[in-house]
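Colleague:
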Amino acid sequence: MRSVKSLATAAEAGRHQREWFADLRRRVADGEPFALLNADVPHEIFRTMDIPYAVSQWWASLVAAKQRSGHYLELVRQRGYPDYSEQYNAVTLGSAFDPEPEAGPWGGLPKPDIIVGDATGDVTRKVFDIWGHEPGVTFYPLESAAENEVPVNWWELMPHRWEQAVGPARLDLLTAELENLVRFLETTTGRRFSESRFREVMALVNEQEEWNRKTRDLIARTRPAPLGVVDSIPSVMLPQWHRGTEWARDIAKRFYEEVRERVDTGQAACPDERARLMWIGRGLWYDMGFYQRFQDEYGAVFVWSMYLAIAADGYIRYGDDPMRALAARFAAFTDQLYTPPWSSEWYVKEARLHGIDGVVHLVSDDPRGSYFTARALEAAGFPVIEIHADNVDARTFGDEVVERVGRWLENVVLA
Amino acid sequence: MPTALAALEEAYARRAAPRPPASPASSEGLAGTRTPVVGYVGADMPVELLTAAGVSAFRLTGDPESGSALGDRYLGRGVDPMARSVLTRLLDGAFGDLDHVVVSHDCEASLRLFYALRELRRVEPGTRLPEVYLVDILHLPHRTTARYNRRRIGEFAARLEAWTGRPLDLAGAVAAHDERRRLLAAVAELRRAVPARLTGRQFLAVADPGLPVDEHIALLERLLAEAGRLEEHTGRRVFLSGSDHDTPHVYEAVESEGYVIVGEDHSFGGPQPDRPVGAGGLDALAEHYHHSGPTAHRATAGERAAHAARAVRQCRAEVFVAYSRIADEAPAWDFPAQRAALDVPAVLLERQEYGRADLTALRKEHPCAV
Numbered sequence: 375m376r377s378v379k380s381l382a383t384a385a386e387a388g389r390h391q392r393e394w395f396a397d398l399r400r401r402v403a404d405g406e407p408f409a410l411l412n413a414d415v416p417h418e419i420f421r422t423m424d425i426p427y428a429v430s431q432w433w434a435s436l437v438a439a440k441q442r443s444g445h446y447l448e449l450v451r452q453r454g455y456p457d458y459s460e461q462y463n464a465v466t467l468g469s470a471f472d473p474e475p476e477a478g479p480w481g482g483l484p485k486p487d488i489i490v491g492d493a494t495g496d497v498t499r500k501v502f503d504i505w506g507h508e509p510g511v512t513f514y515p516l517e518s519a520a521e522n523e524v525p526v527n528w529w530e531l532m533p534h535r536w537e538q539a540v541g542p543a544r545l546d547l548l549t550a551e552l553e554n555l556v557r558f559l560e561t562t563t564g565r566r567f568s569e570s571r572f573r574e575v576m577a578l579v580n581e582q583e584e585w586n587r588k589t590r591d592l593i594a595r596t597r598p599a600p601l602g603v604v605d606s607i608p609s610v611m612l613p614q615w616h617r618g619t620e621w622a623r624d625i626a627k628r629f630y631e632e633v634r635e636r637v638d639t640g641q642a643a644c645p646d647e648r649a650r651l652m653w654i655g656r657g658l659w660y661d662m663g664f665y666q667r668f669q670d671e672y673g674a675v676f677v678w679s680m681y682l683a684i685a686a687d688g689y690i691r692y693g694d695d696p697m698r699a700l701a702a703r704f705a706a707f708t709d710q711l712y713t714p715p716w717s718s719e720w721y722v723k724e725a726r727l728h729g730i731d732g733v734v735h736l737v738s739d740d741p742r743g744s745y746f747t748a749r750a751l752e753a754a755g756f757p758v759i760e761i762h763a764d765n766v767d768a769r770t771f772g773d774e775v776v777e778r779v780g781r782w783l784e785n786v787v788l789a
Numbered sequence: 123m124p125t126a127l128a129a130l131e132e133a134y135a136r137r138a139a140p141r142p143p144a145s146p147a148s149s150e151g152l153a154g155t156r157t158p159v160v161g162y163v164g165a166d167m168p169v170e171l172l173t174a175a176g177v178s179a180f181r182l183t184g185d186p187e188s189g190s191a192l193g194d195r196y197l198g199r200g201v202d203p204m205a206r207s208v209l210t211r212l213l214d215g216a217f218g219d220l221d222h223v224v225v226s227h228d229c230e231a232s233l234r235l236f237y238a239l240r241e242l243r244r245v246e247p248g249t250r251l252p253e254v255y256l257v258d259i260l261h262l263p264h265r266t267t268a269r270y271n272r273r274r275i276g277e278f279a280a281r282l283e284a285w286t287g288r289p290l291d292l293a294g295a296v297a298a299h300d301e302r303r304r305l306l307a308a309v310a311e312l313r314r315a316v317p318a319r320l321t322g323r324q325f326l327a328v329a330d331p332g333l334p335v336d337e338h339i340a341l342l343e344r345l346l347a348e349a350g351r352l353e354e355h356t357g358r359r360v361f362l363s364g365s366d367h368d369t370p371h372v373y374e375a376v377e378s379e380g381y382v383i384v385g386e387d388h389s390f391g392g393p394q395p396d397r398p399v400g401a402g403g404l405d406a407l408a409e410h411y412h413h414s415g416p417t418a419h420r421a422t423a424g425e426r427a428a429h430a431a432r433a434v435r436q437c438r439a440e441v442f443v444a445y446s447r448i449a450d451e452a453p454a455w456d457f458p459a460q461r462a463a464l465d466v467p468a469v470l471l472e473r474q475e476y477g478r479a480d481l482t483a484l485r486k487e488h489p490c491a492v
């Protein structure tokens with residue numbers, strides 16, 4: 375089932391993304407350095423230095439949407455590596471092994487000169503390190519540190535009191551790693567790092583995410599929901615990969631205004647809305663139609679995904695030291711989404727804010743804390759159904775999932 | 123009197139079993155207080171600090187035979203079943219009355235176990251789990267990481283002093299553990315001999331019998347003195363790479379087919395470099411654990427391959443077996459580079475069940491005449 379998008383900002387974001395990628399390919403062909411970055415590393419440094427970059431997970435989502443993830447995983451398998459492990463990054467690694475890279479989506483991913491990823495889990499660093507052994511590619515890894523004790527209410531602390539939320543040990547570490555990253559980039563690319571430009575980029579990011587926060591809050595309090603996640607995901611995530619630009623800030627504002635207009639004129643994703651659903655997990659990129667499948671028959675609308683919500687709560691950092699503030703944005707980023715108590719309490723907060731009737735939780739095989747998320751939501755009165763699949767590997771998605779979710783809607787959520 | 127090898131194997135068989143009540147502290151300590159009992163998890167645990175604190179400490183292990191329903195529930199089936207089993211046993215009380223659980227960040231499964239324990243104590247206090255503490259040692263080969271590790275080592279030392287109420291005897295503890303390293307390196311030579319004088323299964327027991335370090339040292343000294351009486355093992359020589367083995371199941375399965383495991387690179391065997399910590403206090407200790415390994419979960423595929431090539435030559439192994447347990451996928455990513463670096467046959471056993479070894483691929487590629 376194909377998804378249907380209706381927002382002008384989603385269409386504009388999609389058009390911009392294609393134009394940006396074509397321009398990126400031209401810049402790389404002209405000899406500019408090109409960086410491939412994992413989603414959870416500080417892109418803002420590359421933005422400041424005007425070093426072209428793409429995001430590993432964005433590329434994987436595009437490959438999956440084109441139903442091509444199996445092809446790239448097969449290339450990984452042909453090199454002797456597992457095709458069942460860390461697929462979100464392995465799919466992108468497969469691009470490096472493609473004998474016909476130009477046959478990839480949108481003309482193919484250019485060969486990177488620099489890769490930056492964090493050492494989350496046991497495999498991510500290995501995947502990028504293997505890529506770093508390709509000729510002309512350098513991998514710059516960042517640590518993934520952990521903390522003993524954390525205050526639960528991170529979403530209240532992060533904008534201004536991030537030192538208290540994240541803790542000085544992790545902030546000292548990542549700040550130092552980022553200072554070294556700047557030096558590494560200055561040395562290898564010849565680009566300069568401007569402190570004043572850096573402050574501009576950081577300010578633009580905060581402005582962009584403040585608009586996303588207003589949009590999130592507007593959707594949360596509006597019944598019926600003015601739009602579903604199929605519209606909100608491209609409108610928030612494509613600009614997210616361009617954060618720190620005026621275009622991204624401005625389209626975040628227009629996204630809010632467009633949603634505001636839909637609210638004011640009474641437009642709804644599903645006028646006969648009977649249930650508001652929450653999607654926990656990464657986007658099901660190979661089947662975005664999944665999210666609209668239950669609207670006509672059940673009046674069930676996915677009004678929440680992490681993408682707009684984490685933009686609203688997870689990125690905003692104010693402070694006088696921009697490099698430390700940037701470190702605070704990413705030193706505990708994964709924890710916000712996946713580590714209890716931060717993740718579980720935040721999902722409950724968001725479910726309450728949005729008036730959620732039921733939660734669909736995508737649980738992939740990589741080790742994330744799913745039990746505590748479901749437990750916290752159910753303890754707060756929100757019914758949860760778990761579906762087990764990988765979000766870019768369509769081979770893992772069972773035919774029975776849609777039917778099972780339908781039965782759950784009938785028997786639990788709408789009963 | 124049993125031989126030292128028999129005593130070590132007997133201790134190994136009962137390690138991590140419920141402990142008898144610990145003796146009261148000495149008169150110099152806090153009279154009448156109980157010596158804290160600490161269970162620890164992970165290859166990166168700075169055990170010297172536990173010894174220096176005078177706590178009763180032992181590494182927590184799983185059990186493939188006893189089920190893991192609670193661990194599966196709380197951690198999910200995407201986490202290494204070894205960690206799921208450890209959590210199950212903790213909840214079942216299989217380790218007795220622990221005062222603290224200390225976890226290192228040696229792999230993702232250990233970190234997830236820490237988070238689960240922390241959260242269970244918060245939201246389900248009825249589970250009556252002990253206090254849990256994370257020692258976050260990291261491994262990127264950079265000064266930034268070294269400084270972070272030194273900070274975390276210092277915090278852990280301070281926490282131990284708070285638990286026991288007395289200062290650490292770090293110099294004495296480091297000296298004891300260095301002596302144990304020296305003796306274990308000498309014992310490892312017995313296995314590397316041709317023919318091997320210890321099986322892989324026996325070496326697991328020798329390396330990790332779960333005894334206090336002074337008792338372990340005494341038995342290792344006796345074992346070396348008795349080396350001339352050890353049997354010879356002439357099976358085809360295997361180097362075992364990959365996932366951790368906290369039980370002897372896989373070793374027994376491999377060696378029952380006529381192989382002898384003469385070396386390994388996981389943390390329950392002998393992956394650590396033999397170099398001592400030496401003097402230098404907390405700084406030296408932090409550096410030692412920063413550079414420990416190379417383990418499958420924290421080293422690069424290139425580092426693992428270089429280590430495999432050196433170790434295989436050192437052990438005079440004839441076959442290289444990489445074992446990758448289901449939900450413990452790092453070793454499978456190492457295998458292509460390892461195979462390319464070796465001049466002996468190499469086999470990958472991937473997606474293996476906990477405590478099991480499907481040897482079909484090994485038999486097919488390298489039939490072993492029993």
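Sequence order for the protein chains is A and B. Whatever position you read off the first sequence (first residue = 1), add 374 for our numbering. Whatever position you read off the second sequence (first residue = 1), add 122 for our numbering. Think of the CB as a built atom: it goes at the ideal place given N, C-alpha and C, for glycine as much as any other residue. Here the structure is a predicted model, which is why all the values come from computation and not from measurement.
Below 8 Å on the Cβ atoms is my guess for Pro600(A) versus Val633(A); work out the distance and round it to an integer in Å.
Modeller: So it is a contact: roughly 6 Å between Cβ atoms.
Colleague: Let me know the secondary structure DSSP gives Ala396(A) once reduced to three states.
Modeller: Three-state result, Ala396(A): helix.
Colleague: Please check if any C-beta of chain B sits within less than 7 Å of the C-beta of Gly495(A).
Modeller: At least one chain B Cβ lies under 7 Å of Gly495(A).
Colleague: What residues from chain A crowd round Phe217(B), counting only those whose CB sits closer than 7 Å?
Modeller: The contacting residues do not exist; Phe217(B) stays about 21 Å from chain A at best.
Colleague: Could you give the C-beta distance for Leu555(A) and Gly618(A), rounded to a whole number, given that I count them as a contact under 8 Å?
Modeller: Going by Cβ atoms, the distance from Leu555(A) to Gly618(A) rounds to 16 Å, so no, they are not a contact pair.
Colleague: Leaving out five residues on either side along the sequence, give the residues of the same chain with a beta carbon under 8 Å from the beta carbon of Glu517(A).
Modeller: Answer for Glu517(A): Asp492, Ala493, Leu547, Leu548, Glu551, listed in chain order.
Colleague: Return the chain-ordered list of same chain residues with a C-beta closer than 6 Å to the C-beta of Val96(B), the five sequence neighbours on each side being excluded.
Modeller: The structure shown does not extend to residue 96(B), since chain B is modelled only from 123 through 492, so no value can be given for it.
Colleague: From Ser188(B), Ala165(B), Val160(B), pick the residue whose C-alpha is nearest to that of Ala175(B); which is it?
Modeller: Among Ser188(B), Ala165(B), Val160(B), the Cα nearest to that of Ala175(B) belongs to Val160(B).
Colleague: Under a three-way DSSP split, which group does Val466(B) fall into?
Modeller: Residue state, collapsed to three classes: coil.
Colleague: Check for me: the beta strand (DSSP E) holding Ile383(B) runs from which residue to which?
Modeller: Unbroken beta strand (DSSP E) run through Ile383(B): 381-386.
Colleague: With a threshold of 7 Å between beta-carbons, can Asp258(B) be considered close to chain A, or not?
Modeller: Yes, contact with chain A.
Colleague: Do the CB positions of Glu348(B) and Thr125(B) come within less than 7 Å of each other?
Modeller: Contact flag set, yes.
Colleague: With a threshold of 16 other CB atoms inside 10 Å of the CB of Pro146(B), please say whether the residue is buried or exposed.
Modeller: The predicted model places Pro146(B) with a pLDDT of 45, which falls under 50 and marks its position as unreliable; any figure quoted below should be read in that light. Label assigned to Pro146(B): exposed.
Colleague: Does the segment 408-426 of chain A come within contact of the segment 569-576 of chain A, defined as at least 3 CB pairs closer than 8 Å?
Modeller: A contact exists between the segment 408-426 of chain A and the segment 569-576 of chain A.
Colleague: Would you list, in chain order, the members of the segment 184-201 of chain B that have their beta-carbon closer than 9 Å to a beta-carbon of chain D?
Modeller: Among the protein chains in the structure shown, which are A and B, there is no chain D.
Colleague: Out of His227(B), Ala428(B), Ala439(B), Gly380(B), which has the shortest C-alpha to C-alpha gap to Arg314(B)?
Modeller: The shortest C-alpha separation from Arg314(B) is found at Ala439(B).
Colleague: Quick check: is the beta carbon of Arg206(B) nearer than 7 Å to any beta carbon in chain A?
Modeller: Closer than 7 Å: no.
Colleague: Taking DSSP as the reference, what is the three-state secondary structure of Ala725(A)?
Modeller: Here Ala725(A) sits in helix by DSSP.
Colleague: Excluding the five sequence neighbours on either side, which residues of its own chain have a C-beta within less than 7 Å of the C-beta of Arg769(A), listed in chain order?
Modeller: Excluding sequence neighbours, Arg769(A) sits near Gly444.
Colleague: At the level of alpha carbons, what is the spacing between Pro289(B) and Glu283(B)?
Modeller: When rounded, the distance between both Cα atoms is 6 Å.
Colleague: Could you please give me the residues that DSSP links to Val450(A) through a beta bridge?
Modeller: DSSP lists no partner for Val450(A).
Colleague: Can you name the start and end residues of the beta strand (DSSP E) that Ile759(A) belongs to?
Modeller: Here the beta strand (DSSP E) through Ile759(A) covers 758-762.
Colleague: I'd like the list of long-range same chain contacts for His371(B), defined as Cβ closer than 8 Å, with 5 residues on each side in sequence excluded.
Modeller: Within the same chain, His371(B) has close Cβ partners Pro186, Gly477, Arg478, Ala479.
Colleague: Roughly how many angstroms separate the alpha carbons of Phe756(A) and Ala268(B), rounded to a whole number?
Modeller: Cα-Cα distance, rounded: 44 Å.
Colleague: Could you name the residues of chain B that Phe676(A) contacts, counting a contact when the two beta carbons are closer than 8 Å?
Modeller: Here the premise fails: no neighbours, minimum Cβ distance about 23 Å.
Colleague: Name, please, each residue of chain B whose Cβ falls closer than 7 Å to the Cβ of Tyr745(A).
Modeller: Simply Arg195, Tyr196, Gly198.
Colleague: Per DSSP, which residues does Asp362(B) bridge with? Please list them.
Modeller: Here the sequence assigns Leu to residue 362(B), which means Asp is not the residue at that position. Leu362(B) pairs with Glu386(B), Val443(B).
Colleague: Note down, in chain order, every chain B residue with its Cβ under 9 Å from the Cβ of Ala543(A).
Modeller: In chain order: Asp258, Tyr270, Arg273, Arg274, Glu277.
Colleague: My guess is that Val540(A) and Pro484(A) are in contact by the Cβ rule of under 8 Å, so how many angstroms apart are they, rounded?
Modeller: Contact flag wrong, Cβ pair sits at about 34 Å.
Colleague: Within 8 Å, do at least three Cβ pairs link the segment 315-332 of chain B to the segment 402-415 of chain B?
Modeller: At 8 Å Cβ cutoff, the stretches do not touch.
Colleague: If you measure beta-carbon to beta-carbon, which residues of the segment 434-468 of chain A are closer than 8 Å to chain B?
Modeller: Within the segment 434-468 of chain A, the qualifying residues are Arg453, Gly454, Tyr455, Pro456, Tyr458, Ser459, Glu460.
Colleague: Do the segment 628-642 of chain A and the segment 655-666 of chain A make contact, defined as three or more Cβ pairs closer than 8 Å?
Modeller: No: the two stretches stay apart, fewer than three of their Cβ pairs being nearer than 8 Å.
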